[in-house]
Amino acid sequence: MKAKMSFVAAVLLISLMLASCAPAATPVAPVATTVPEVTEPTVVSIPTEVAPAATEVVEPAVVSTPTKEYPPAPEYIEIGASIPLTGKFGSLGSQVKVGYDYAIDAINADGGVYVEEYGKKIPLRLTSYDDESDPTKAVSNLENVFSEQNVVAYLGGAASGMHAATTAIAEKNKVPYCGVSFAWWNIHQRGYKYLFSPFPKSPDQARDVYMALNELVPADQKPTKIAIFQEKTDWGNELGGLFKADAKPAGYDVVYYGEYAPGTTDFSTLILDAKAAGADMLLGMPSTPDGMAIIKQMSELGWAPKFTMLVRAPDAATWGESLGTAGDYVTMFAGWHSGEKFPGVAEINTKHEAEFGRPADILVGPAYACVQTLADSIQRAGTLDRDAIRDAMAKTDMETVIGPVTYNADGTGNVLNPLVQWQNGKMELVWPVDQKTADLQYPAPPFDQR
């Protein structure tokens, strides 16, 4: 029995010794504890970082962009005009009206003029009246469209005397005014801020008639003795004086200077005196009826100067029909010609040909350009405020159907001044030569040899 207990004790002793020599088991527990400490932050941080990134990309594009709200736009951009469609200037005013209408039709066909203030295009609407070539009626017409239509701009009529009356109304009402078919420079010297005219003025015409002749006619063949028939009006005095002042420096002599009242029917004294003075060139500025009477009586009295330039009268499309061959060879500065090579001219001619059976008349182009510069100014102004439109017009610099147009501080336009001549019952552009449709026919033959 003692032996058996000794054996058991020995076994226990050996087991204890072996256990004390084995590696410790305690490191296992810390490993199990460390795993959740590492894993837990990693798992939580993933959704926290991704979610904000997705929110920042989507929100600005879909939610944050505001929609701009515009005030209600007017149905039309209102424009007013008084135009002589009847009376002594009716033949000029009718051409001007066609030019205005064609330009407005073209602009409205494209939706109108974009006005930033309203965020859309708005069509133009012209309200015009026939003033019967009466300045008093023209003034009344402009006052009416100002009060009744609340116009943002005026378009002018035709003839210098008519514009002299209506431009004053534009200035009083502070309404931008664009007008053509008038050369009276003095109107622009009155300090007006609202007047603009893409049309040649008296200084241009006096300078260019000599410049064109010196360029087109050899020195040994050009006329040298000038007769001037001056209409007794303020504009007539201005242009006649400039013709006279510019003659000598350009190499010409004024040998006769005669005056007449508008509406004169007998020009025989002027014609015979000019003929007796040996004049071989005639310059003047008659109305259409007066100009036709002058040419008819020149034919009857047998005086055919080598070169004739009449401002205004030959502009009428009826000139050739009324005078026949007697009306040929007469030249004019009309401000435009349907043969000019500028964008939009072909389209105007096509429309005019379909409506009237001939290319566009010479005042159609300048009138069209008036509307072009006005529409461009409204768009650049971005508002229908009259003063803003005026300021934009003063900065005009654009290509039109009459060529490039800019305005000087006095509202005069820097524009082409083409010399046009009646040839075989048609108007031909003869100068400048890069725009010409025909050569200048010179010298004019005697009336009985035409």
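Be aware that the sequence shown starts at 90, since it is given in the numbering used here, and climbs by one per residue. Ideal Cβ placement from N, Cα and C applies to all residues, glycine included. All values reported here derive from a predicted model rather than from experimental measurement.
query: What's the call for Tyr159, buried or exposed, on a 16-neighbour Cβ count within 10 Å?; result: exposed
query: Taking the beta carbon of Gly208 as the centre, do at least 16 other beta carbons fall within 10 Å, making it buried, or is it exposed?; result: exposed
query: As a quick exercise: from Gly391, Gln538, Val504, Ala533, pick the residue whose alpha carbon is nearest that of Gln310.; result: Ala533
query: From Gly245 to Tyr189, what does the alpha carbon distance come to, in whole angstroms?; result: 10 Å
query: Name the two residues that bound the continuous beta strand (DSSP E) containing Pro378.; result: Note, Pro378: premise wrong, no beta strand (DSSP E); alpha helix (DSSP H) at 377 to 390.
query: What residue from Lys282, Lys337, Ser171, Leu284 has the CA that sits closest to Phe235's CA?; result: Ser171
query: How many angstroms separate the CA atom of Lys210 from the CA atom of Val228?; result: 31 Å
query: On a Cα-Cα basis, can you pick out the residue from Gln512, Ser217, Pro493, Thr322 that is closest to Tyr531?; result: Gln512
query: Check whether the stretch 214 to 232 touches the stretch 167 to 182, counting contact only when three or more Cβ pairs, one atom from each stretch, lie closer than 8 Å.; result: yes
query: Please report the distance separating the alpha-carbon of Val522 from that of Thr255.; result: 36 Å
query: Over the uninterrupted beta strand (DSSP E) stretch that includes Gly352, give me the two end residues.; result: It is not in any beta strand (DSSP E) - Gly352 carries neither H nor E in the DSSP assignment.
query: Apart from the five residues just before and just after Tyr180, which ones in its own chain have a Cβ nearer than 8 Å to its Cβ?; result: Residue 180 is actually Ser in this sequence, not Tyr. Closer than 8 Å at Cβ, skipping near neighbours: Thr377, Asp404, Ala405, Ala406, Thr407.
query: Looking at the C-beta of Leu390, does it have a partner C-beta in chain D at a distance below 8 Å?; result: Going by chain labels, chain D is absent from the structure shown, which holds only one protein chain.
query: Identify, in the order they occur along the chain, each residue of the same chain with its Cβ nearer than 7 Å to the Cβ of Pro289, setting aside the five sequence neighbours on each side.; result: Ala272, Phe422, Gly424, Val504, Asn506
query: Going along the chain, which residues of its own chain have a beta-carbon closer than 8 Å to the beta-carbon of Ala114, five neighbours each way excluded?; result: Low local confidence applies: a pLDDT of 40 at Ala114 is under 50, so the model's placement there is unreliable, with the coordinate-based value given in what follows. Closer than 8 Å at the Cβ level, and outside the excluded window around Ala114, lies no residue.
query: Report, in whole angstroms, the separation of the C-beta atoms of Ala365 and Gly347, which I expect to be a contact under 8 Å.; result: Not confirmed; about 12 Å, so no contact.
query: Look at the alpha carbon of Gly329 and the alpha carbon of Tyr349, and state the distance between them as a whole number of angstroms.; result: 12 Å
query: Please list, in chain order, all residues of the same chain as Glu205 whose beta carbon is under 6 Å from its beta carbon, the five residues on each side excluded.; result: Gly471
query: Which runs of the beta strand (DSSP E), 3 residues or longer, sit entirely within the stretch 208 to 288?; result: 209 to 211, 213 to 219, 242 to 244
query: Who does Val490 pair with in a DSSP beta bridge?; result: BP columns for Val490 are empty, so no partner.
query: How would you label Asp297, buried or exposed, when you count the other beta carbons within 10 angstroms and need 16 or more for buried?; result: buried
query: With which residues is Phe396 paired in a DSSP beta bridge?; result: Met370
query: Determine the DSSP secondary structure at Ile360, reduced to helix, strand or coil.; result: helix
query: Pull up the distance between the alpha-carbon of Gly549 and that of Leu305, whole angstroms please.; result: Any answer about residue 549 is impossible in this case: the structure gives the chain only from 90 up to 539.
query: In the DSSP assignment, the alpha helix (DSSP H) including Gln468 goes from what residue to what residue?; result: 453 to 470
query: Assign Glu158 to one of three DSSP states: helix, strand, or coil.; result: coil
query: Residues bridged to Gly502 by DSSP?; result: Tyr496
query: Please go through the same chain and pick out, in chain order, the residues whose beta-carbon is closer than 6 Å to the beta-carbon of Met370, but skip the five residues on each side of it.; result: Pro312, Ile315, Pro394, Phe396
query: From which residue to which residue does the beta strand (DSSP E) around Glu164 run?; result: Segment: none, Glu164 is in no beta strand (DSSP E) and carries neither H nor E.
query: So, at 7 Å on beta carbons, what are the nonlocal neighbours of Phe356 in its own chain, with the 5 sequence-adjacent residues on each side left out?; result: Tyr349, Ala382, Ile383, Gln386
query: Identify the continuous alpha helix (DSSP H) that holds Tyr418 and give its terminal residues.; result: No alpha helix (DSSP H) contains Tyr418, which DSSP labels as neither H nor E.
query: Quick one, which of Pro292, Ser286, Thr495 has its alpha-carbon nearest Gly325's?; result: Pro292
query: What is the rounded straight-line gap between the Cα of Thr420 and the Cα of Gln524?; result: 16 Å
query: Quick check on this structure: which residue in Asp417, Asp486, Ser466 has the alpha carbon closest to the alpha carbon of Ala477?; result: Ser466
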